[in-house]
Each structure stands twice: as structure tokens, then as C-alpha cells.
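Have a look at the structure below, then the notes.
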Amino acid sequence: MEPTQKKRVLSMIQPTGTFTLGNYLGALKNFVRLQDDYECVYALADLHAITVRQEPAAFRKNILEAYALMLAIGIDLKRSVFFIQSQVAEHAQLAWVLNCYTQFGELSRMTQFKDKSQKHADNINAGLFTYPCLMAADILLYQADYVPIGADQKQHLELARNVAERFNGLYSPTFTVPDPIIAKHGARVMSLQDPTKKMSKSDENANGFITVLDDPDTIMRKFKRAVTDSEACVRFAEGKDGVNNLMGIYSSITGRSMEEIEREFDGKGYGDFKPAVAEAVIEELRPIQERYRNLIADKAYLEQCYRENAPKAQAIARRTLSKVMKKIGYLPL
């Protein structure tokens, strides 16, 4: 009896600066786990990144550092393909094709376009508008069965599914219609200073976010300054956004339930709880930071990794694109 072929997972992340603790606990830690059960294809979405103006030298540096950091977190090149999006030209080519199978009204309804248009009002470019078509191309090129997503990406995945079904309906089955994976593990990490908002490195208050490369002293200081409430009681409850956020972070790292955390800190205040959360984060990130320092110091090795992985990704992408072009009616090369 032949072994069952693993289902394929596709996920990409933008290389626009160091990842936050929110990126790590909400998504990246799960990327590592998924490698156990799925055939994983991962990429740095550097084509997506230029909807916002990038300074070339800083952008180049961010891409390399993000590649090293993903490896440090645990992306295993023996088990997964991990490439840089701009090095596989098929993404841009299929994105144009899918532009022509996506309705203007569908793109107009994208809430992220509205949000980003307000944030970058001086640069509302066509790429920002058609961004979901490139995202659909990213997914459909690799015939992905599953895509890990957060709440803010549901609309984009739904569009990718709609476009795939539309194309399949016109030309016979061509694309795998992907399903979402909502992480069973992982926290939606909020700002340490405004726990009603998602943790983001674009936060004007630097105390609101932790990056994966923050040193232990910085992590401890930021957690000690984290917004909580006046109750001084560690319990998970409505209206205790700051404490709930810290408990979520602690739970995600230690694996303890909210009830177990409440028992652990029963009779103790935030003066004990905040440093305990900080210590858990410091110890979680310590081996990642050590591996990152070793990797980023070896530019030749990193270059070898991404140069070897781009053709692996391209081989899969090219098969899909050739099928698409043939069905539309283009002449073969």
C-alpha cells in the first residue's frame, strides 16, 4: 500500500523589518509545527512589500534578515521549500492573468485596501488595489490545499477561492481550491500599551510591541510597563484586556490553560505576574536569537539556501502556470 501523500500548505510573510512577538506567537511558531504534518511551501512576500515605498538598501537588508530569522525560528529546508517571492517570476505573471478574472467590485470591497489607503493616503497605487490578485496567485500557483490565516486575511482567501472556482468553471479543473487553517495553538497578541489593538511594529509607542530580536532587558522593561488594570488580580475576564493579553502570551509559551495560570498566580499581584511573562518570553526567544546571530553572520550560507530554494519553488509554479496559459489559449514557447 502506497503511503498517503501529505497535503500542501502555503504561507508567506512580508520582510518589512523584524518580526514581532505577535507575528511569532500568532503565526510563525505554527509554521514550524505544520512541517510535521504537511508538505510546506513558505516564502518572503517581497513583491507585496512594495505597495509601500521601500528604501532599497534597507529593503535588501530586511529581506536577508527575515530569511535568516525564519530559519532561526525553525523553518527546516530538508522538509519545506522556503524561497523569496521576487525570485520566482511566475508569481507576477499569474497575478496579471488573475487580474483579468477578478471583478473590480470584488477588489473594491476589500477592507484592507480601505484601511491601507487611509494609512498611506499619499501613495494609493494600483498595486495596493490589486494586491489580493497577487495573493491569490501566490496560493494557486502551488496548488495549496491549506493556507494558515488570521482574521484579517479571511477576505483575501475567500477571493482566491472565488477566482479559482471561476477559472475552473470556465476552463475545467485547473486550480486546487484552498481551505483555511485557523491555528489551534497561538495567540492573537495585542499591544502592551493599548490592548484593544493588535501588536504592531508600526505602533508609535515602542513600548507597545516586542520584537523577536529584543534583548532580555528590553523585554523585561516593556512587560513591566504593560497596561493592566487596578484590580491587581490575575484572572481572565471581560473588561480585563491588558491582563487577558498577558495571560494569552504566557499560555501560548508555557502551554498552560487560563485556569492553571490563575491558580499559579493566586494571591499574587501584577508585580509577580509581569516579570514571569517576560521571563517566559526571554527564554522562548533566547535560542532563536542565538541561531539568528550565527546565520546572519554567514551570508554565503544564506545565499546558498535561497538560491537553491527558488528553483524548487519555480518548478512547482511553472507547472501550474503552463497549464493555465494552455487553457486560456496562449501559444506554447
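Sequential numbering from 1242 applies to the sequence shown in my numbering.
Virtual Cβ for every residue (Gly too), placed ideally from N, Cα, C.
A quick note: this is a predicted structure, and the numbers were derived from the prediction, not measured.
Residue i versus the options, residue with shortest Cα-Cα distance
i	options	result
P1552	S1327, A1307 and R1301	S1327
T1469	D1456, I1490, Q1434 and G1346	Q1434
V1475	F1323, M1499, Y1542 and I1460	M1499
F1477	E1505, Q1353, P1297 and K1247	E1505
Q1394	N1364, Y1383, R1429 and Q1353	Q1353
C1374	Q1344, P1389 and I1390	Q1344
A1473	S1492, K1509 and I1494	K1509
W1337	R1350, T1495 and M1376	M1376
R1402	P1389, Y1412 and L1381	L1381
H1544	D1513, R1301, G1263 and A1286	Looking at the sequence itself, residue 1544 is Glu, so the reference to His does not match. Closest option to E1544, Cα to Cα, is R1301.
E1501	R1548, A1367, Y1511 and M1488	M1488
E1549	F1323, E1347, G1570 and G1496	F1323
Residue(s) in a DSSP beta bridge with residue i
i	result
F1324	A1284
V1250	C1281 and Y1387
T1352	According to DSSP, T1352 bridges with nothing at all.
T1261	T1452
M1431	K1439
Host alpha helix (DSSP H) of residue i (start-end)
i	result
Y1491	D1482 to T1495
Y1342	Unbroken run through Y1342: none, as it is neither H nor E.
E1479	Per DSSP, E1479 belongs to no alpha helix (DSSP H) and is neither H nor E.
Q1396	K1395 to Y1412
S1498	Element bounds for S1498: n/a, residue is neither H nor E.
L1574	Run containing L1574: none; DSSP gives neither H nor E here.
G1368	A1367 to L1382
T1459	P1457 to K1465
V1273	K1270 to L1275
P1297	P1297 to I1314
Endpoints, beta strand (DSSP E) assigned at residue i
i	result
P1421	D1420 to I1422
Residue j beta carbon less than 8 Å from that of residue i
i	j	result
P1421	G1483	no
I1325	A1378	no
Y1372	L1454	no
R1249	A1385	yes
A1309	I1537	yes
K1568	T1415	yes
V1282	L1251	yes
R1466	N1448	yes
A1583	I1460	Nothing about residue 1583 can be reported from this structure: the residues present for the chain run from 1242 to 1574 only.
L1398	A1333	no
L1335	L1562	yes
Y1383	I1523	no
Practice item. Any chance you could list the alpha helix (DSSP H) runs of at least 4 consecutive residues sitting entirely within the region 1498 to 1565, in chain order? Key: Look at the region 1498 to 1565 and you find these whole runs of alpha helix (DSSP H), each 4 residues long or longer: 1499 to 1505 and 1511 to 1537.
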